[in-house]
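Enquirer: Residue 1 is where the sequence shown starts when you use full-length UniProt numbering, and the numbers rise one by one after that.
Backbone N, C-alpha and C fix where the C-beta goes; we use that ideal spot for every residue, glycine too.
This is the structure, below, for whatever I ask next.
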Amino acid sequence: MTEAPDPKGKKVLIIEDDPLLNTLLMDKLSQLREKGLEVVLATNGEEGLVKARELKPDLIMLDLVLPGMTGFDFLELVRKEEGTAKTPTVILSNLSDDSDKEHAKRLGVVAYFVKANFSLDEIAKAIEEVLANREVTPHTTPVPEVKKTQEGEYVIYL
Numbered sequence: 001m002t003e004a005p006d007p008k009g010k011k012v013l014i015i016e017d018d019p020l021l022n023t024l025l026m027d028k029l030s031q032l033r034e035k036g037l038e039v040v041l042a043t044n045g046e047e048g049l050v051k052a053r054e055l056k057p058d059l060i061m062l063d064l065v066l067p068g069m070t071g072f073d074f075l076e077l078v079r080k081e082e083g084t085a086k087t088p089t090v091i092l093s094n095l096s097d098d099s100d101k102e103h104a105k106r107l108g109v110v111a112y113f114v115k116a117n118f119s120l121d122e123i124a125k126a127i128e129e130v131l132a133n134r135e136v137t138p139h140t141t142p143v144p145e146v147k148k149t150q151e152g153e154y155v156i157y158l
């Protein structure tokens with residue numbers, strides 16, 4: 001078994017507009033944060049672009065459906081900039097069409113997770129693998145289905 005990388009001094013930028021998912025991701029990454037991983041949140045593409053330019057992260061986790069600028073628009077811009085052109089990017093999205101996955105791949109994405117089909121453990125593992133310069137392994141763990149009701153509440157179906 002490969003030892004987990006030392007996250008000290010590494011920076012991850014998460015661009016996600018869902019406050020619940022952001023809270024869950026921050027909680028899940030707390031052990032890595034305690035070891036020195038810096039995690040910065042942005043809730044839209046414009047804010048993410050500013051933070052990416054300032055932070056020059058080691059990894060970007062990106063939703064594709066964002067208010068204002070889409071994740072694809074964001075990727076096209078950061079790929080043109082010297083400081084972020086080669087930054088590994090992991091997609092977390094509700095978009096599951098093969099055409100979206102192919103578009104992301106053409107923009108240099110290293111992993112693509114459909115929100116309804118992943119666990120937080122898989123995301124944490126993907127972060128560790130990218131930070132260790134390893135290829136991200138496909139996720140296979142069955143996960144519960146989470147749906148948002150019209151009232152804005154989340155329901156988990158096990």
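1) Distance check for residue 12 and residue 132, CA to CA, integer angstroms please.
2) Would you say residue 91 and residue 66 are within 7 Å of each other, going by their C-beta atoms?
3) Can you list, in chain order, the residues of its chain with a C-beta nearer than 8 Å to that of residue 85? Leave out the 5 residues immediately preceding and following it.
4) Can you tell me which of 31, 24, 100 and 39 puts its alpha carbon nearest to the alpha carbon of residue 14?
5) Can you tell me whether DSSP reads residue 30 as helix, strand or coil?
6) In terms of alpha-carbon separation, which member of 35, 34 and 23 lies closest to residue 41?
7) Compute the Euclidean distance between the alpha carbons of residue 44 and residue 94, then round it to the nearest angstrom.
8) Using a 10 Å radius around the Cβ and a threshold of 16 neighbouring Cβ atoms, would you call residue 48 buried or exposed?
9) Any beta carbon of chain D sitting closer than 7 Å to that of residue 77?
10) In the DSSP assignment, what are the bridge partners of residue 93?
11) Can you list, in chain order, the residues of its chain whose CB lies under 8 Å from that of residue 46, leaving out five sequence neighbours each side?
12) Between which two residues does the alpha helix (DSSP H) holding residue 52 run?
13) Can you tell me which of 51, 10 and 21 puts its alpha carbon nearest to the alpha carbon of residue 33?
14) Do you know offhand how far residue 57's Cα is from residue 116's?
15) Within 10 Å of its beta-carbon, does residue 51 have 16 or more other beta-carbons around it, so buried, or fewer, so exposed?
16) How is the beta strand (DSSP E) around residue 59 delimited, first residue to last?
Expert: If we stick to the structure as given:
1) 13 Å
2) no
3) 78 and 79
4) 39
5) helix
6) 23
7) 16 Å
8) buried
9) In the structure shown, chain D cannot be found, because there is only a single protein chain.
10) 114
11) 68 and 69
12) 45-55
13) 10
14) 26 Å
15) buried
16) 59-62
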